[in-house]
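Engineer: Quick note, the sequences are listed as chains U and W, same order.
Start counting the first sequence at 1; every next residue gets the next number (my numbering).
Start counting the second sequence at 186; every next residue gets the next number (my numbering).
Glycine included, every Cβ here is placed at the ideal spot set by N, Cα and C.
A quick note: this is a predicted structure, and the numbers were derived from the prediction, not measured.
Have a look at the structure that comes next, please.
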Amino acid sequence: MATTGQTAGHAPHGDGETRRDFLYLATGAFGAVGVGLAAWPLIDSMNPAADTLALSSIVVDLSAIETGQRITVKWRGKPVFIDRRTEDQIKQAEVVNVASLRDPQTDGERVVKPEWLVLVGICTHLGCVPLGQKSTDPRGDWGGWFCPCHGSHYDTSGRIRKGPAPTNLVVPVYEFLDDSTVKIG
Amino acid sequence: MAAPAMNNRMIKWFDDRLPVFSFMHHQMHEYPTPRNLNYWWNFGSLAGVMLVIMIVTGIVLAMNYTPTADLAFGSVERIMRDVNYGWLLRYIHANGASMFFIVVYIHIFRGLFYGSYKSPREVLWWLGIVILLLMMATAFMGYVLPWGQMSFWGATVITNLFSAFPLVGDAIVTWLWGGFSVDNPTLNRFYSLHYLLPFVIVGVVVLHLWALHTHGSNNPKGIDTKGPQDSIPFHPYYTVKDLFGTAVFFIVYAAFIFFFPDYLGHADNYIPANPLVTPPHIVPEWYFLPFYAILRAFDFDIWFMPAKLLGVLAMFASILILFLLPWLDTSRVRSGTFRPIFKWFFVILIIDCVVLGYVGAKAPNDPLIASEETVAQENEAYNACVAKADEAGKVGEDECDKPFVVQYVHLGQLATLYYFFHFLLLLPILGRTERTLPLPTSILEPVTKHGAGAGK
Numbered sequence: 001m002a003t004t005g006q007t008a009g010h011a012p013h014g015d016g017e018t019r020r021d022f023l024y025l026a027t028g029a030f031g032a033v034g035v036g037l038a039a040w041p042l043i044d045s046m047n048p049a050a051d052t053l054a055l056s057s058i059v060v061d062l063s064a065i066e067t068g069q070r071i072t073v074k075w076r077g078k079p080v081f082i083d084r085r086t087e088d089q090i091k092q093a094e095v096v097n098v099a100s101l102r103d104p105q106t107d108g109e110r111v112v113k114p115e116w117l118v119l120v121g122i123c124t125h126l127g128c129v130p131l132g133q134k135s136t137d138p139r140g141d142w143g144g145w146f147c148p149c150h151g152s153h154y155d156t157s158g159r160i161r162k163g164p165a166p167t168n169l170v171v172p173v174y175e176f177l178d179d180s181t182v183k184i185g
Numbered sequence: 186m187a188a189p190a191m192n193n194r195m196i197k198w199f200d201d202r203l204p205v206f207s208f209m210h211h212q213m214h215e216y217p218t219p220r221n222l223n224y225w226w227n228f229g230s231l232a233g234v235m236l237v238i239m240i241v242t243g244i245v246l247a248m249n250y251t252p253t254a255d256l257a258f259g260s261v262e263r264i265m266r267d268v269n270y271g272w273l274l275r276y277i278h279a280n281g282a283s284m285f286f287i288v289v290y291i292h293i294f295r296g297l298f299y300g301s302y303k304s305p306r307e308v309l310w311w312l313g314i315v316i317l318l319l320m321m322a323t324a325f326m327g328y329v330l331p332w333g334q335m336s337f338w339g340a341t342v343i344t345n346l347f348s349a350f351p352l353v354g355d356a357i358v359t360w361l362w363g364g365f366s367v368d369n370p371t372l373n374r375f376y377s378l379h380y381l382l383p384f385v386i387v388g389v390v391v392l393h394l395w396a397l398h399t400h401g402s403n404n405p406k407g408i409d410t411k412g413p414q415d416s417i418p419f420h421p422y423y424t425v426k427d428l429f430g431t432a433v434f435f436i437v438y439a440a441f442i443f444f445f446p447d448y449l450g451h452a453d454n455y456i457p458a459n460p461l462v463t464p465p466h467i468v469p470e471w472y473f474l475p476f477y478a479i480l481r482a483f484d485f486d487i488w489f490m491p492a493k494l495l496g497v498l499a500m501f502a503s504i505l506i507l508f509l510l511p512w513l514d515t516s517r518v519r520s521g522t523f524r525p526i527f528k529w530f531f532v533i534l535i536i537d538c539v540v541l542g543y544v545g546a547k548a549p550n551d552p553l554i555a556s557e558e559t560v561a562q563e564n565e566a567y568n569a570c571v572a573k574a575d576e577a578g579k580v581g582e583d584e585c586d587k588p589f590v591v592q593y594v595h596l597g598q599l600a601t602l603y604y605f606f607h608f609l610l611l612l613p614i615l616g617r618t619e620r621t622l623p624l625p626t627s628i629l630e631p632v633t634k635h636g637a638g639a640g641k
């Protein structure tokens, strides 16, 4: 390169920079930006597609759920737990000393109406579905849910109490359309 | 490169234009190989054989497989029941993955014992680690394709590992899935990549062989070849030795295919994937168990790092650490044969890896020694104590003594600790302090004490 540059009449300046060096860097930078821009559509095509995003809210009829019953609905391909809690369960969730929790949250922050607990039914550790939806399932030491994969225990507010999970079960965005209908998402 | 004698004029004409015949002659006939290679040196070519078998059966299986969430499970069952020899092809492929890993693991431990990673073979060693990583990715994605319960939940657990990274974790997981859970888009891309990566492996294998042929094979004595008296041509001497080893290996492989085809798999994978129900006990395939044990060994936080992130980092580190091995092992002697202390620690490392694999297969919080009943009784007493303290208005968890039970996770922590100790502390120190046995002056010397007298 250097030899060609010199025979072409581009003698290096005192500090060793040449027009050729500039062109080389400019071309390289231009190419790098171009490759980056060209790569983005390839990368972004792997993100959720429009039709996947379109399925992002559901409406659930709650009228058939009895006190103490838990049901599972599917939202965005994930299970959502809807729990119509008993007085006891609500009381248990409310009396907890919040400061002692790994992910401190009062029960009030996690529900819209205390009777209805709505949770994404995915363990925050590595994504298993915790047990506890059926009355015959193990519900862990705090009467909420128990993840069989790596042994996380959740209480009746879906808060992490014991085991490897770092945070409480996620509360999805939802609103009550009327007393017996809820829109999730 | 001395051109081989070519009697056939057609071959000579062709070779003149594209010298493949000269190249093969050079790499096989003339390629000087140490004369003392033992059967542990079979496993490199065996791995090559496995790669070819996996690609060939995989291509044929792909002709009958449907990579769609609704149809994938059914199409695999169709392969098993209706496609001619489909059961055979699938069992060859599924058990082939296990065989490929066992062969590669033996190949790696061969390298670890005989110091095959040491100068001038560091790049050869690196390329091998790259192949291992690619194999792991390929095997993981292949296991997802039948879309059974273990496929689905294995994919869910492993992709969720990436959510451990702060800030970007969730975005990465959504990107990997192409949705908000493992679903059809995930299956599609895994299929695409499962088809692609084996050919990437082929490419890296070519580089691996190129690096190998640059300095030639290491050998059980770990000393350099000093001249023609120390080596023999690869073909026919080692081709025939490798062929014999391959035949023996095929007996074992065939035993699995024909007599225990599902022994290495999980029964749960014959249940179609159900996103709403997690199987009670999720375990990866056996070849991932040691890494799974390291992942789960971290059930405690350190400073700002949550347990989940630590586990993920440790798991990746357990492989990436091998890239540094050529410098971590400070001993100048390659072969473990002449390292009396290293030898024993090498045995401990193997036991350690087996223990990690054993722990990886168990539920982490199951008691290791105590019986279930004893543990249940102790827990009951503890819970009663907590309830009593809570009623008295105190924090029960502070008041009561938690029963300590030795669990599998504790054994896993110990084994993880040893694994990192071995590479990060032991090898650097041992290499400087160990008194090694005298090395033979040449490869030929120990073979023929009264022989040609080479090296005297």
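Does chain U have any CB closer than 8 Å to the CB of Pro154 of chain W?
Structural biologist: As shown, chain W starts at 186 and ends at 641. That puts residue 154 of chain W outside it, with no answer to give.
Engineer: Among residues of its own chain, excluding the 5 on either side of Phe258 of chain W, which ones have a beta-carbon nearer than 6 Å to its beta-carbon?
Structural biologist: These residues qualify, in order along the chain: Trp332 and Pro457.
Engineer: Please go through the same chain and pick out, in chain order, the residues whose beta-carbon is closer than 8 Å to the beta-carbon of Asn345 of chain W, but skip the five residues on each side of it.
Structural biologist: Val358
Engineer: Kindly list the residues whose CB is nearer than 7 Å to the CB of Gly430 of chain W, restricted to its own chain and excluding five residues on each side of it in sequence; keep chain order.
Structural biologist: Tyr224, Asn227 and Leu231
Engineer: Distance cutoff 8 Å, beta carbons only. Does Pro79 of chain U sit that close to anything in chain W?
Structural biologist: So yes, Pro79 of chain U belongs to the interface.
Engineer: Since Phe81 of chain U sits in a beta bridge, which residues does DSSP pair it with?
Structural biologist: U:Thr72 and U:Leu119
Engineer: Name the two residues that bound the continuous alpha helix (DSSP H) containing Asp200 of chain W.
Structural biologist: Arg194 to Arg202
Engineer: Fully enclosed by the stretch 428–485 of chain W, which alpha helix (DSSP H) runs are 4 residues long or longer?
Structural biologist: 474–482
Engineer: Indicate the three-state DSSP secondary structure (helix, strand or coil) for Cys570 of chain W in the structure shown.
Structural biologist: helix
Engineer: Closest to Thr515 of chain W by CA distance: which of W:Gly450, W:Pro469, W:Asp486 and W:Leu609 is it?
Structural biologist: W:Leu609
Engineer: Counting contacts by CB-CB distance shorter than 8 Å, is Thr515 of chain W in contact with chain U?
Structural biologist: Not a single C-beta of chain U is nearer than 8 Å to the C-beta of Thr515 of chain W.
Engineer: Measure the beta-carbon distance from Ser152 of chain U to His125 of chain U and round it to whole angstroms, keeping in mind my assumption that it falls under 8 Å.
Structural biologist: 6 Å
Engineer: Secondary structure at Gly333 of chain W, three-state DSSP: helix, strand or coil?
Structural biologist: strand
Engineer: With a CB to CB cut of under 6 Å and the five nearest residues on each side skipped, what residues in its chain are close to Ala165 of chain U?
Structural biologist: Cys123, Thr124, His125 and Ser152
Engineer: When DSSP labels each residue in this structure, what does Trp311 of chain W get in the three-state scheme?
Structural biologist: helix
Engineer: Should Asn47 of chain U be flagged as near chain W, meaning a C-beta pair shorter than 8 Å?
Structural biologist: yes
Engineer: Interface residues of chain W around Pro41 of chain U at Cβ under 9 Å?
Structural biologist: Neighbours of Pro41 of chain U on chain W: none; closest Cβ ~14 Å, over 9 Å.
Engineer: Mind listing which residues of the stretch 470–499 of chain W have their C-beta closer than 8 Å to chain U's C-betas, in chain order?
Structural biologist: From the stretch 470–499 of chain W, only Arg481, Asp484, Pro491, Ala492 and Lys493 have a Cβ closer than 8 Å to chain U.
Engineer: Looking at chain W, is there any beta carbon in it that lies within less than 8 Å of the beta carbon of Pro114 of chain U?
Structural biologist: So no, Pro114 of chain U is outside the interface.
Engineer: Asp368 of chain W and Gly77 of chain U: beta carbons closer than 8 Å?
Structural biologist: yes
Engineer: Return the chain-ordered list of same chain residues with a C-beta closer than 6 Å to the C-beta of Tyr603 of chain W, the five sequence neighbours on each side being excluded.
Structural biologist: Asp537
Engineer: Check the Cβ-Cβ distances between Pro465 of chain W and every residue of chain U, and say whether any is below 8 Å.
Structural biologist: yes
Engineer: For Gly5 of chain U and Arg20 of chain U, what's the separation of their Cα atoms in angstroms?
Structural biologist: For Gly5 of chain U, the pLDDT reaches just 45, beneath the cut-off of 50, and the residue's location in the model is therefore unreliable, leaving the point undetermined.
Engineer: Could you give the DSSP three-state label for Met500 of chain W: helix, strand or coil?
Structural biologist: helix
Engineer: Suppose the cutoff is 6 Å on Cβ atoms and the five residues either side in sequence are ignored; what does the same chain contact list for Leu397 of chain W look like?
Structural biologist: Leu309
Engineer: For a cutoff of 8 Å on Cβ pairs, would you count Lys134 of chain U as touching chain W?
Structural biologist: no
Engineer: Quick check on this structure: which residue in W:Thr601, W:Tyr567 and W:Val591 has the alpha carbon closest to the alpha carbon of Cys585 of chain W?
Structural biologist: W:Tyr567
Engineer: Quick check on the DSSP output: the alpha helix (DSSP H) that includes Glu87 of chain U runs from which residue to which?
Structural biologist: Annotation: the continuous alpha helix (DSSP H) that includes Glu87 of chain U extends over Glu87 to Val95.
Engineer: Taking one C-beta from the stretch 440–460 of chain W and one from the stretch 326–340 of chain W each time, how about it: are there three or more such pairs within less than 8 Å?
Structural biologist: Touching, per the Cβ criterion.
Engineer: Shorter than 8 Å from the beta carbon of Pro104 of chain U to some beta carbon of chain W?
Structural biologist: no
Engineer: Name the chain W residues that come within less than 7 Å of Arg76 of chain U, Cβ to Cβ?
Structural biologist: Phe365 and Ser366
Engineer: Check whether the Cβ atoms of Ser180 of chain U and Leu62 of chain U sit closer than 8 Å, and answer yes or no.
Structural biologist: yes
Engineer: Among the candidates U:Asp83, U:Leu55, U:Asp51 and U:Leu101, whose CA atom is the shortest distance from the CA of Ala64 of chain U?
Structural biologist: U:Asp83
Engineer: Any beta carbon of chain U sitting closer than 8 Å to that of Val590 of chain W?
Structural biologist: no
Engineer: Could you say which of W:Lys197, W:Pro217, W:Ile287 and W:Lys303 lies nearest to Leu507 of chain W if we only look at CA atoms?
Structural biologist: W:Lys303
Engineer: Count the other CB atoms, across all protein chains shown, that sit within 10 Å of the CB of Val288 of chain W; report buried if there are 16 or more and exposed otherwise.
Structural biologist: buried
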